[in-house]
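Engineer: In UniProt numbering, the protein residues as written are 1 to 382.
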């Protein structure tokens with residue numbers, strides 16, 4: 001039987017648990033329409049500001065095998081573009097599944113965010129709103145998600161707006177246990193928060209060229225947000241910790257470094273109800289969603305999982321039974337662990353090397369004696 005890869009986020013059904021992150025390839029109706037035509041379970045807009053803006057000077061992005069950097073500065077067409085009937089119709093045209101369309105917001109100020117939210121009151125064509133409190137790309141502006149007092153202020157003001165679509169917030173990566181506790185405690189106070197998205201890019205990364213002697217990115221003195229495979233393990237930890245601390249009615253959407261179906265499954269185990277894909281979508285295009293859904297389905301079949309919901313949050317603590325399973329898997333794959341010098345195999349290698357060194361020393365001594373005697377005999381003949 002084919003596994004069920006659908007899920008729900010904030011009570012909204014997604015045909016697959018994988019959709020796009022807000023970022024490159026999500027800024028126009030044309031780009032979003034391509035996502036709608038793929039196997040993505042939903043369509044998420046670029047993070048919108050109150051007014052359209054061009055973003056930071058080029059070059060502002062850089063990609064490598066294990067990472068990508070961006071200091072885009074939120075280039076976007078402005079909130080009115082992303083919430084207009086015309087744009088939404090263009091995005092979802094010919095979409096056989098009528099996929100949920102979600103809007104991401106990232107105002108420069110709290111007032112901007114409130115203004116944008118008020119413009120979406122009663123808009124039934126918007127399935128959900130993602131309020132981005134994690135963007136590190138606005139030069140000189142603090143990241144709201146790291147400032148609990150500032151975060152509380154904006155959440156209090158959002159509470160006063162009624163008749164909005166289901167709402168969630170996007171969070172930055174947290175690296176300290178106290179931060180996790182403070183943020184989760186705050187979020188749990190607001191019943192309107194139905195999901196959180198974790199993580200946004202890891203701020204203030206840089207990549208440099210040793211040949212040119214300068215950063216690859218021009219804006220913000222080369223400092224940028226880090227994403228891609230390099231952040232996956234931080235993202236997994238954030239998803240897991242938030243799932244442990246947030247109330248059960250808040251869904252967690254995982255994002256960060258997802259490139260394979262196996263990556264998706266890891267996030268589900270850690271507690272993500274769905275995942276977003278950013279860097280891989282940026283480099284591969286919308287066809288990545290078709291591949292990822294198929295890989296996830298194959299992986300679920302191989303491991304005996306019938307549905308996404310049966311996987312979410314089922315990660316177990318380390319245990320001896322699991323360790324034995326890993327050892328058996330390693331043995332079946334004929335992967336030989338590296339032996340330490342204290343093991344029997346290590347001792348044998350050590351003694352073989354020692355014997356070779358001793359033989360070399362003996363040879364050099366004999367050779368030296370032979371050549372010395374020959375030189376003495378030759379001098380006597382002279």
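Positions of the beta carbon are idealized from the N, C-alpha and C atoms, including for glycine.
If we count the other Cβ atoms within 10 Å of its Cβ and call it buried at 16 or more, is residue 106 buried or exposed?
Structural biologist: By 1-based counting over the chain shown, the position of residue 106 is 106. Around the beta carbon of residue 106, a 10 Å sphere encloses 16 or more other beta carbons of the protein chains shown; the residue is thus reported as buried.
Engineer: Looking only at its chain, what residues have a beta carbon closer than 8 Å to the beta carbon of residue 221, apart from the 5 residues adjacent to it on each side?
Structural biologist: Here residue 221 corresponds to residue number 221 of the chain shown, with the count starting at 1. So the list reads 215, once near-sequence residues are dropped.
Engineer: Check this for me: beta carbons of residue 197 and residue 255, under 8 Å apart or not?
Structural biologist: The residue given as residue 197 occupies position 197 in the chain shown. The residue given as residue 255 occupies position 255 in the chain shown. It is a contact, given that the beta carbons lie within the stated cut-off.
Engineer: Which residue comes first and which comes last in the alpha helix (DSSP H) that contains residue 148?
Structural biologist: Along the chain shown, read from residue 1 onward, the residue named residue 148 stands at position 148. First-last of the alpha helix (DSSP H) with residue 148: 148-159.
Engineer: Taking the Cβ atom as the reference point for each residue, do residue 129 and residue 195 lie within a distance shorter than 8 Å?
Structural biologist: Residue mapping note: residue 129 aligns to position 129 of the chain shown, counting from 1. Residue mapping note: residue 195 aligns to position 195 of the chain shown, counting from 1. It is not a contact, given that the beta carbons lie outside the stated cut-off.
Engineer: Does residue 43 pass the burial test, meaning 16 or more other C-beta atoms within 10 Å, or should it be called exposed?
Structural biologist: If you number the chain shown from 1, residue 43 lands on position 43. So residue 43 counts as buried.
Engineer: Is the CB-CB distance between residue 387 and residue 69 below 8 Å?
Structural biologist: Summary: the structure shown does not reach residue 387, with the chain confined to residues 1 through 382, and so no result is reported for it.
Engineer: Among 189, 269, 115 and 235, whose alpha-carbon lies nearest the alpha-carbon of residue 296?
Structural biologist: Your numbering for residue 296 matches position 296 in the chain shown. When each option's Cα is compared against that of residue 296, the closest is 269.
Engineer: Any idea what DSSP makes of residue 338, helix, strand or coil?
Structural biologist: Here residue 338 refers to the residue found at position 338 of the chain shown. Below a pLDDT of 50, predicted positions are generally treated as unreliable, and residue 338, at 45, falls in that range; the measurement from the model is reported next regardless. Looking at residue 338 - three-state DSSP - the assignment turns out to be coil, as it is neither helix nor strand.
Engineer: Roughly how far, in whole angstroms, is the beta-carbon of residue 204 from the beta-carbon of residue 223, given that I think they are within contact range, below 8 Å?
Structural biologist: For the purposes of this step, residue 204 is taken as residue 204 along the chain shown, with counting starting at 1. For the purposes of this step, residue 223 is taken as residue 223 along the chain shown, with counting starting at 1. Right, the Cβ-Cβ distance comes to about 5 Å (below 8 Å), so this counts as a contact.
Engineer: For the ligand FAD, any of its heavy atoms closer than 7 Å to the Cβ of residue 221?
Structural biologist: Summarising the ligand content, the structure contains no ligands, and the ligand FAD is consequently not present.
Engineer: Hey, could you find the ends of the beta strand (DSSP E) residue 129 is sitting in?
Structural biologist: In the chain shown, counting from the first residue as 1, residue 129 sits at position 129. Segment 128-132, the beta strand (DSSP E) holding residue 129.
Engineer: What do you get for residue 321, buried or exposed, if any count of 16 or more other CB atoms within 10 angstroms of its CB means buried?
Structural biologist: What you label residue 321 is simply residue 321 of the chain shown in a count that begins at 1. Label assigned to residue 321: exposed.
Engineer: Within 10 angstroms of the Cβ of residue 178, are there 16 or more other Cβ atoms? Answer buried if so, exposed if not.
Structural biologist: If you number the chain shown from 1, residue 178 lands on position 178. That one is exposed.
Engineer: Report the start-end ranges of each beta strand (DSSP E) in the segment 219-300 that is 3 residues or longer and not cut off at the edges.
Structural biologist: 224-227, 251-255 and 274-277
Engineer: Going straight from the alpha carbon of residue 190 to that of residue 329, what length do you get?
Structural biologist: For the purposes of this step, residue 190 is taken as residue 190 along the chain shown, with counting starting at 1. For the purposes of this step, residue 329 is taken as residue 329 along the chain shown, with counting starting at 1. Computed Cα separation, rounded: 45 Å.
Engineer: If you draw a straight line from the alpha carbon of residue 22 to that of residue 180, how long is it in whole angstroms?
Structural biologist: On the chain shown, position 22 is the one that residue 22 refers to. On the chain shown, position 180 is the one that residue 180 refers to. Roughly 23 Å between the two C-alpha positions.
Engineer: Does the pairing of the segment 83-100 with the segment 239-246 give three or more beta-carbon distances under 8 Å?
Structural biologist: no
Engineer: Based on Cα-Cα distance, which residue from 252, 229 and 71 lies nearest to residue 259?
Structural biologist: In the chain shown, residue 259 corresponds to position 259, counting from 1. Checked all of 252, 229 and 71; the closest Cα to residue 259 is 229.
Engineer: Within a Cβ cutoff of 6 Å, which residues of the same chain sit near residue 82, ignoring the five residues on either side of it in sequence?
Structural biologist: Counting from 1 along the chain shown, the entry for residue 82 is found at position 82. Around residue 82: 45, 48 and 103.
Engineer: Check each candidate in 150, 61 and 271 and name the one with the smallest Cα separation from residue 74.
Structural biologist: Position 74 of the chain shown, counting from 1, holds the residue named residue 74. Closest by C-alpha distance to residue 74, out of 150, 61 and 271, is 61.
Engineer: Which partner residues of residue 388 appear in the DSSP bridge assignment?
Structural biologist: Nothing can be reported for residue 388, as the shown portion of the chain is limited to 1 through 382.
Engineer: Could you tell me the distance, in whole angstroms, from the CA atom of residue 158 to the CA atom of residue 4?
Structural biologist: In the chain shown, the residue the question calls residue 158 occupies position 158. In the chain shown, the residue the question calls residue 4 occupies position 4. Taking the straight line joining both Cα atoms gives about 35 Å.
Engineer: Can you tell which of 182, 114 and 134 has its C-alpha closest to the C-alpha of residue 160?
Structural biologist: One-based indexing of the chain shown puts residue 160 at position 160. For the residues 182, 114 and 134, the minimum Cα distance to residue 160 belongs to 114.
Engineer: Should the segment 305-325 be regarded as contacting the segment 286-293, the criterion being three or more beta carbon pairs within less than 8 Å?
Structural biologist: no
Engineer: Going by DSSP in three states, residue 371 sits in which element: helix, strand or coil?
Structural biologist: What you label residue 371 is simply residue 371 of the chain shown in a count that begins at 1. The predicted position of residue 371 is uncertain, since its pLDDT is 49 and thus under 50; no value can be drawn from it.
Engineer: Let me check understanding here. Comparing Cα to Cα, which of 185, 164, 111 and 124 lies closest to residue 154?
Structural biologist: Within the chain shown, numbered from 1, the residue matching residue 154 stands at position 154. For the residues 185, 164, 111 and 124, the minimum Cα distance to residue 154 belongs to 111.
Engineer: Exposed or buried, which one is residue 212 when buried takes at least 16 other CB atoms within 10 Å?
Structural biologist: Sequence index remark: in the chain shown, residue 212 carries index 212 (1-based). So residue 212 ends up on the exposed side.
Engineer: Runs of 3 residues minimum, wholly inside the segment 61-91: which ones carry the beta strand (DSSP E) assignment?
Structural biologist: Those beta strand (DSSP E) runs which fall completely within the segment 61-91 and span 3+ residues are 61-64 and 67-70.
Engineer: Does chain D have any CB closer than 8 Å to the CB of residue 248?
Structural biologist: Note that chain D does not occur in the displayed structure, where there is just one protein chain.
Engineer: Where does the unbroken beta strand (DSSP E) through residue 195 begin, and where does it stop?
Structural biologist: Position 195 of the chain shown, counting from 1, holds the residue named residue 195. Note, residue 195: beta strand (DSSP E), 193-198.
Engineer: Taking only three categories from DSSP, how would you classify residue 105?
Structural biologist: Within the chain shown, residue 105 is the residue found at index 105, counting from 1. Correct three-state label for residue 105: strand.
Engineer: On the CB-based measure, 16 or more other CB atoms within 10 Å of its CB, does residue 276 come out buried or exposed?
Structural biologist: In the chain shown, the residue the question calls residue 276 occupies position 276. Buried.
Engineer: Tell me where the alpha helix (DSSP H) around residue 327 begins and ends.
Structural biologist: Within the chain shown, residue 327 is the residue found at index 327, counting from 1. Unbroken alpha helix (DSSP H) run through residue 327: 320-332.
Engineer: Can you check whether the CB of residue 209 is closer than 8 Å to the CB of residue 71?
Structural biologist: Residue 71 sits at position 71 when you count from the first residue of the chain shown. Residue 209 sits at position 209 when you count from the first residue of the chain shown. No, Cβ-Cβ distance for residue 71 and residue 209 is not below 8 Å.
Engineer: What first and last residue would you give for the alpha helix (DSSP H) that runs through residue 118?
Structural biologist: By one-based count along the chain shown, residue 118 stands at place 118. That run of the alpha helix (DSSP H) goes 110-118.
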